[in-house]
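Taking it in order: structure first as structure tokens, then the write-up.
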Amino acid sequence: MDCDLRSPLFLIHLFMSTFLPALCVIYPLNEVNLLDSKASQGELGWISYPSHGWEEISGVDEHYTPIRTFQVCNVMEYSQNNWLRTNWIPRQSAQKIYVELKFTLRDCNSIPLVLGTCKETFNLLYLETDDDQGSHFREHQYLKIDTIAADESFTQTDLGDRILKLNIEVREVGPLTKKGFYLAFQDVGACVALVSVRVYFKKCPYTVRNLASFPDTVPMDSQSLVEVKGSCVNHSKEEEPPRMYCSTEGEWLVPIGKCLCNQGYEERSSTCQTPSAVSGIRKEKTTRNSVSLAWQEPERPNGIILDYEIKYYEKEEQETSYTILRARGCNVTLGGLKPNTAYLLQIRARTAAGYGASSTTFQFETSPDSAFSISSESSQVVLIAISSAVAIILLTVLLYVLIGRVCCRSKSKHPDEKRLHFGNGHLRLPGIRTYIDPHTYEDPSQAVHEFAKELDASCIAIDKVVGAGEFGEVCSGRLRLPSKKEICVAIKTLKGGYTDKQRRDFLAEASIMGQFDHPNIIRLEGVVTRSKPVMIVTEYMENGSLDSFLRKHDAQFTGIQLVGMLRGIASGMKYLSDMGYVHRDLAARNILVNSNLVCKVSDFGLSRVLEDDPEGAYTTRGGKIPIRWTAPEAIAYRKFTSASDAWSYGIVLWEVMSYGERPYWEMSNQDVIKAVDEGYRLPPPMDCPATLYQLMLDCWQKERNNRPKFEQIVSILDKLIRNPGSLKITANTTSRPANLLLDRSSLEVPSMGTMGDWMDPMRTLPCKEAFSGVSYSSCDTIAKTSTEDLKKVGVTIVGPQKKIVSSLKALDSNTKNGPVPV
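Numbered according to UniProt numbering, the sequence shown spans residues 1 to 822.
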């Protein structure tokens, strides 16, 4: 071990000069610090157990400012259990806190002659109390938050070269209910140094919006938006009650309502007057794809100008599609414009009192293509690009000429219908509606604006949070569009602090939904992308997800009602399949139910387009797969087709007929994969019609080409609806076809006349351990077995419990009345 590893120089000389300049930061306005170890000038006074474990080190940074850090490195000794506890931290009004740790950790492989058990992690824990407990400390009282590991560890070479890696980890803790808490750090044999510890919570800071002030607001919990009512500023009154929502990330969302200045105060009070109009707009520079503009500050700013809003659009579009940018100063460069195109533009300034009047409309034109000169250095590249583009165009024209001839020979019913062109170079032929993958667009905003309607946030009212999605909250609310009746909607929001990828993925779902128009596919009402929060607005489905709805109403529907639900799902999937689209995550949890029991397919986060290859399959590049609902070939080879969706539909059918039971019950994913590969299939749910169970088995054919198409599934269900008598024959009393791989755990009663004959096969089932030591004296005894008795011998899964009890009753009847045929 290095002799200077525990020396103060290990931290002072290296850490301070390397890291402290980066630690001097200004924290966001929406973060309130409860603890900041590097802000302390003296000893922190934290307690170490035992005393020779964590060590507090004093030092100075490059500005000779005193700082305090902690380190531990007892890797030469066995069985380490070193605790470091902070002082008591009052939580103030926070219900959820964030712990930010900045630390370094040494790679165990770089420490020579280690005798003990070296670790590269440490534990973060906490304890809530209503008062300061002083030096009182009990390990078992602390709750673990997480095991903290380093993304970057350092070695002895790093020490020599002073190339050390600072790790930054943030963890959430909550909800907190007591007056304060302690943090604790447990080391079990690592070489680690805590450079700083910061504990903070988030709030929505005081702000003024639309002449209404909103106070500092702390989010209530991790799942809700807090509605806050605003107060009109002096000399103003409510036009519509102002309110906003405070998100869990400390962001103000969805301003609704506003205040207006009282009469006589419009020109007298700058707390209340918005800026006058911007003037003097001029062009500074123009190219074929961009323009630089400048303007004069409003003659009467009436306060500090926070920013300028620039709204522009193509002149020919007449504001049907526009773009909004914001600039801090009196100039901006607009990029991504079309060559030789006229644009119209308006600018308005914003102060704390709100937006001022818009400027007069300003027109500018981009340079034509001819104004673009090819430099000698880039001419060869450009010429190659142009040649390639021409070749692609010629090939495309040739392709569509050939397709056109084929369409003519097929005697289209609509010979006069014209071809429809869409953005990004996509083209659709008459009578053929195909799905376009939004991921093929360079700019996700182009795809979402092509397929989805942009909504004004002021038309949306959020009523309550109903859940949490992958990207943020899911709310219910109301949408009121001009000249239309107010409707109930579901609103998905994109939480603050999102990355570009998260925004692309979030908007991709809207771009997908916007292409669908079917009564059994969830309907997209529109999106909000030009203000925060970014939202996806869909129709509201009163009964929520199908699996929860069925569990809530167990055994309350007729067979025809259940088949009607299944028919709707199949019809929606047929529509998607006809568009060349694979869902990949078809499950009851992703089916929504409205008040009329209409089922609609939703959740297109895992969905992908079918490529035009010979098998019509899409190969994924990793990612999670819902094992219990996924076809074997999709699990093994990540090949997804409409046939794999048909397998998933079979699982959904089973979920519906079992009223929301979990497929394969408590079996692990690995056991499910192994069992299905060996031929295991789910048994028929209780009282399941034989025809529906046969359809399940058909959907679960190992050879995907043998599975029914969704068109066939719809036809089968239509026949069942027209002939409800066919639903009265249950699968429990019907023989199964011999050519299918059947469920090995099927408990249908064979023609056995003795209890011993029955018990032998029972001991060969997946639950055989439960019966291996069981003996019954008579059939009367075994027939009285209950689900509670089964739990005692280890059969805890609901599905097998029901099947076994049913079989036991049948066995009792068998022994009294003679054999019951299979």
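In this text, a Cβ means the ideal position worked out from N, Cα and C, and glycines have one as well.
Residues bridged to residue i by DSSP?
| i | result |
| --- | --- |
| I392 | Beta-bridge pairing links I392 to no other residue. |
| A342 | E365 |
| C191 | C73 |
| A468 | E473 |
| T207 | F214 |
| S279 | Q296 |
| residue 828 | There is no way to answer for residue 828, as the model of the chain reaches only from 1 to 822. |
| M535 | T493, V528 |
Report, in whole angstroms, the separation of the C-beta atoms of residue i and residue j, which I expect to be a contact under 8 Å.
| i | j | result |
| --- | --- | --- |
| L325 | I310 | 5 Å |
| P626 | S658 | Rounded, the Cβ-Cβ distance is 17 Å, inconsistent with contact. |
| G660 | A588 | 7 Å |
| T538 | R551 | Actually they do not touch by this definition, with Cβ atoms about 23 Å apart. |
| Y182 | Y126 | 7 Å |
| P689 | I721 | P689 to I721, Cβ: 12 Å. No contact. |
| A353 | Q273 | 6 Å |
| G174 | I89 | Not confirmed; about 13 Å, so no contact. |
| V676 | P724 | Between P724 and V676 the Cβ distance is about 32 Å, and since that is not below 8 Å, they are no contact. |
| T271 | V233 | 5 Å |
Below 6 Å CB to CB, which residues in the same chain sit around residue i once its five sequence neighbours on both sides are set aside?
| i | result |
| --- | --- |
| P301 | P275 |
| N520 | G568, S571, G572, K600 |
| Y693 | P684, A731 |
| F451 | S511, G514, Q515 |
| Y581 | Y435 |
| C204 | T217, C246, G250, W252 |
| S644 | A631, A634 |
Does the beta-carbon of residue i have 16 or more other beta-carbons within 10 angstroms, so that it is buried, or is it exposed?
| i | result |
| --- | --- |
| I651 | buried |
| N74 | buried |
| residue 835 | Absent from the model: residue 835. The displayed extent of the chain is 1 to 822, so no value can be given. |
| K285 | exposed |
| P215 | exposed |
| T499 | exposed |
| Q556 | exposed |
| P255 | buried |
| T351 | buried |
| K237 | exposed |
| D603 | buried |
| K283 | exposed |
| F491 | Per the sequence shown, the amino acid found at residue 491 is Ile instead of Phe. Buried, since its Cβ has 16 or more Cβ neighbours within 10 Å. |
| H52 | exposed |
| E678 | exposed |
| T440 | exposed |
| Y78 | exposed |
| S153 | buried |
| A447 | buried |
Hey, quick one: how far does the beta strand (DSSP E) through residue i stretch, first residue to last?
| i | result |
| --- | --- |
| Q296 | 291-296 |
| C73 | 66-73 |
| T691 | Per DSSP, T691 belongs to no beta strand (DSSP E); it is in the alpha helix (DSSP H), 690-699. |
Tell me which same chain residues have a C-beta within less than 7 Å of the C-beta of residue i, skipping the five on either side of it?
| i | result |
| --- | --- |
| Y49 | W83, F137 |
| E249 | K202, K495, G496, G497 |
| K464 | C475, S476 |
| E227 | R243, Y245 |
| I281 | L293, W295, I347, S359, F362 |
| S196 | L23, S37, K38, K102 |
Following the continuous alpha helix (DSSP H) through residue i, name the residue where it begins and the one where it ends.
| i | result |
| --- | --- |
| I673 | 669-677 |
| G568 | 559-578 |
| W252 | No alpha helix (DSSP H) contains W252, which is instead part of the beta strand (DSSP E) from 252-261. |
| W83 | No alpha helix (DSSP H) contains W83, which is instead part of the beta strand (DSSP E) from 82-85. |
| S501 | Per the sequence presented here, residue 501 reads as Lys, with Ser not at that position. Its alpha helix (DSSP H) spans residues 500-513. |
| T79 | Here the sequence assigns Ser to residue 79, which means Thr is not the residue at that position. S79 -> no alpha helix (DSSP H), and no H or E assigned at all. |
| E249 | Premise fails: E249 is in no alpha helix (DSSP H) and is neither H nor E. |
| E542 | Element bounds for E542: n/a, residue is neither H nor E. |
| F710 | 710-722 |
| G526 | Note, G526: premise wrong, no alpha helix (DSSP H); beta strand (DSSP E) at 524-528. |
| G648 | Before going on, a small fix: residue 648 reads as Ser here, not Gly. Here the alpha helix (DSSP H) through S648 covers 642-657. |
Cutting at 8 Å between CB atoms, please list the residues of its own chain near residue i, excluding the five before and the five after it.
| i | result |
| --- | --- |
| residue 825 | Missing from the structure shown is residue 825; the chain here goes from 1 to 822 and no further. |
| Y206 | S213, F214, P215, D216 |
| L34 | I89, P90, R91, Q92, A94, I97, V199, Y200, F201 |
| E365 | T286, N340, T341, A342, Y343 |
What I want to know is whether the C-beta of residue i ends up closer than 8 Å to one or more non-hydrogen atoms of the ligand NAP.
| i | result |
| --- | --- |
| M244 | Annotation note on the ligand NAP: not contained in the displayed structure, which lists no ligands. |
Does the beta carbon of residue i come closer than 9 Å to any beta carbon on chain C?
| i | result |
| --- | --- |
| E239 | Judged by its chain identifiers, the structure shown contains no chain C, having just a single protein chain. |
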